[in-house]
Every structure is written in structure tokens, then in C-alpha cells.
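Each remark here refers to the structure printed beneath this line.
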Amino acid sequence: MILEMLQDPLVRVAFAVLLPIIAIFLGLFYKGLDRKLSARLTSRIGPPIRQPFRDVRKLFLKENIVPENSIPWMFNAMPLVAMATSLTLLLYIPFGPFPAPLEGRGDLIVLLYLLAMQPLAMALGGFASGSPYASVGAQREMVLMMSYEVPLATIIVGFAYLYASVPAAASAVWAPFSLGMIAQTPVWAVVSGPVGIIGLLILLGVLLVVTPAELVKIPFDIAEAETEIAEGLLAEYSGRNLAMFYLSDAVRSFAMCAIVVVLFFPHTLSSLVPLTAYPWNTEPVLFTLETLWFLLKVFIVYFFAVTLVRTSFARIKVDQAAKFFWLHMTLAALFGLLLIYLDVGGWF
0 MILEMLQDPL VRVAFAVLLP IIAIFLGLFY KGLDRKLSAR LTSRIGPPIR
50 QPFRDVRKLF LKENIVPENS IPWMFNAMPL VAMATSLTLL LYIPFGPFPA
100 PLEGRGDLIV LLYLLAMQPL AMALGGFASG SPYASVGAQR EMVLMMSYEV
150 PLATIIVGFA YLYASVPAAA SAVWAPFSLG MIAQTPVWAV VSGPVGIIGL
200 LILLGVLLVV TPAELVKIPF DIAEAETEIA EGLLAEYSGR NLAMFYLSDA
250 VRSFAMCAIV VVLFFPHTLS SLVPLTAYPW NTEPVLFTLE TLWFLLKVFI
300 VYFFAVTLVR TSFARIKVDQ AAKFFWLHMT LAALFGLLLI YLDVGGWF
């Protein structure tokens, strides 16, 4: 019944409008959990979980200052672009049992572009501010982005090649790139042997390493190094503009972890636990449980890929990060892709 309702055009539009609002709340909530858990892991009390909500409210109440030496229209436009691209990401990601509003048109390819847009907008905003600190941060961001996008693109190629072998994808051009198909057909069931499973584990490891770099978190927060370049990219931002960047970061963090879940852990709760055996197995209850299960998986990925990493490691240099992604992570992703090719081709 609920799925049938979601096929109605008006309901899909309403869901597309409501989803970004929900994601903003969840992004800020997960950001609060991240800060609280990171503090606990380092024997500190930390801020309350609601602190990100307070930060956003405070920033929207502050004066929006535009530097004298800036390019005003670009300086003010880039926070809006960053926020818009982060929210658009969500429209291509299946939200638990709910299908993505824009599913079915080269989802993975579009996501690759959208993931690159937010750091690009931040870099352009930094250049437009006229600050030397922001310019240095923008240069670092561009170098880092060109580094981690290569292994990320390799992972997407691996998924497209793997799902092109699925019979259901043979009749549609964009099917191998569809997140809906990936969510319905878990990737672990597509490979046929241990070689393919090892290849997928390697790609998963690479994606988990790429995640904190995509989200500009320690140890890859090189473009915003507070102790070195005074917040870098965001040195001249304040008020409403800084709040927009803050919100885009929260939403993008949630979206990136959701992408990891959809790609590698799409298994529903009903596939693991016989929910239909219980007397309360009504459709609204099942949908609620599946949604909570999806949010729990996103939180687990968030904790291991972001919270635990940024608590355990120190910031590295930009040349070290570039070498790490261009050499080590790219080679690892290519090796995982090779193992998937051998598995699909029946070599083992």
C-alpha cells in the first residue's frame, strides 16, 4: 500500500520535498553524535548532541560579512551551490524501504558529479573571498579532490561492470548504475566465488578510506587546517553563508554514509529476521522498522568511517594525501576491480 502510494506523482513530489528536510535534521543529529562520541573516546565530556542545531541557529542570527576584496556574487553564491548539491544527492539515494525520487537515470554517474560539486563550490568560494588563507585552502582542496576522485571512480566502474552481468540489467542502458537495482540485489549475491568477494572487500576498504576525505574530516581536513591556515576555505565566511556550508557538510556526511550502506550493506531487516512471523507485521510497522534499520546502518558506517578515524589519526600533509590516494588507494581499487573482472569472467 505504501509503495503504491509512492508511485503517485504528487506523493513522489511531496516526498522529494520532505526528504531534504528530514536529511538536514538527521545530518545535524549525526553530527552531534559524532562530536559526543569523539569526545568520549578521548576521555572528554563533549558538547550535547543538540549542539549542531544551536550552532546553525546562532550562525543564521549573526551578520553576514562580505570581504572588501572579494567577488561578492561568487562569494555569496557558493554556499547556496554547496547546499543545493548536497540536498540533490539525497534524491538519488534509496531511503531505507522508500525508493529514491530521482532513481533510474545513471545514478552512480550523477552521484560522482554531485559529490565533486560541494568541495568545488567551497574551493571557488575560497578563491572568491580574496583571502590568502582561503586561497591556500582552496588549492589544497582542489589537489585533494583530484586525488580521491580517482579511486572513487574506479569503485563505480567496478559496480557498473559487476551489475552489467545481472540479467535484469541487460535490457536497460542505465540499469548497472542504478542504486535501486543495487539495493534490491545485494552486491555480495552477484559475485560467484571467493575471488569476487575479496575484490569487493578491497573496494569496500577503499571506499571507507575515501569517505573521510570526501567529507573533509581528519586526517584529510587539510584544506581547513585551523592551526595552520585559520580555517582555510572558510576563513572569511560568517553568518548565513557559513551556516549554509555547515548544513551542506552535515547533509553530505549523512548522504555519503548512506551511499556506502546502499552499495555494500543494502540487506533489509526482514531478510535477516523473520518479521512476518510476528502478529504486528502490518505494513506501516514493517516500513518503520526498515527505516530505523537503515538509519542504524548509516550510523554504524558514520562511526567507523568518520568518528573513529578522526579520533585516532592526526592531520597529514597535502602531498602525503595526494600520494596516498593516487598511488596506494588507486592501485588497491584497480586490484579489486581486476578480481571482480576475473570472477565475472569465470576465470576462477
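Counting in numbering that gives the first Met the number 0, the sequence shown runs from 0 upward without gaps.
Note that the Cβ used here is the ideal one computed from N, Cα and C, for glycine as well.
Values in this document were obtained by computation on a predicted structure and should not be read as measured data.
Query	Result
Buried versus exposed, by CB contacts within 10 Å (16 or more), Q183	exposed
Neighbourhood of A115 by C-beta distance below 7 Å, restricted to the same chain and skipping five residues each side	M144, E148
Close-in-space but distant-in-sequence residues of the same chain around I70 (CB under 8 Å, 5 per side omitted)	A127, G129
Residue from A15, V55, L123, V16 whose Cα sits closest to the Cα of F28	V55
L119 beta carbon less than 8 Å from that of Y245	no
Pick from V135, E102, F97 that is closest to A234, judged by C-alpha positions	V135
Contact belief for P66 with G124 at Cβ below 8 Å, rounded distance in angstroms	About 11 Å; that fails the 8 Å criterion.
Cβ shell of V305 (< 8 Å), same chain only, five flanking positions each side left out	D33, T210, P211, L214, K216, S252, C256
Helix, strand or coil at F264 [DSSP, three-state]	coil
Which of helix, strand or coil DSSP assigns to F52	helix
Alpha helix (DSSP H) segment containing Y112, residue limits	106-127
Residues near T87 in its chain [Cβ-Cβ closer than 7 Å; skip 5 each side]	L113
Nearest-angstrom Cβ-Cβ length linking V80 and Y91, presumed shorter than 8 Å	Wrong, their Cβ atoms sit about 17 Å apart, outside the cutoff.
Assigned secondary structure, F219 (DSSP; H/G/I helix, E/B strand, else coil)	coil
Backbone secondary structure at F381 - three-state DSSP	With the chain represented from 0 up to 347, any question about residue 381 goes unanswered, as that position is not in the structure.
Reference L295; option with closest CA among Y160, S177, F264	F264
Span separating the alpha-carbon of S269 from that of E289	8 Å
Three CB pairs or more closer than 8 Å across the stretch 325-339 and the stretch 194-209	yes
Cβ neighbours of L25 in the same chain (closer than 6 Å, five flanking residues each side left out)	F253
Within 8 Å, strictly: CB atoms of I64 and S237	yes
Beta carbon of S37 nearer than 8 Å to that of R309	yes
Whole-angstrom C-beta distance between L206 and V259, which should lie under 8 Å	6 Å
Burial state of V300, where buried means 16 or more other Cβ atoms lie within 10 Å	buried
Candidates V142, L178, A249, V156: closest to P96 by CA position	L178
Rounded distance between the beta-carbons of F324 and P150, thought under 8 Å	6 Å
Host alpha helix (DSSP H) of K322 (start-end)	317-322
Spatial distance of R49 from A242 (CA atoms)	16 Å
K30, buried or exposed, once every other Cβ within 10 Å from all chains shown has been counted against 16	buried
Bridge partners - F94, DSSP secondary structure assignment	F97
Pick from Q319, A159, L232, H266 that is closest to I339, judged by C-alpha positions	A159
For L214, three-class secondary structure by DSSP	coil
Contact check, L111 vs A83, beta carbons under 8 Å	no
Check whether A122 and I221 have beta carbons under 8 Å apart	no
Other residues of its chain near V208: CB distance less than 7 Å, five sequence neighbours each side excluded	M328
Limits of the unbroken alpha helix (DSSP H) element including P66	Per DSSP, P66 belongs to no alpha helix (DSSP H) and is neither H nor E.
Anticipated Cβ contact below 8 Å, L18 with P100, distance rounded	7 Å
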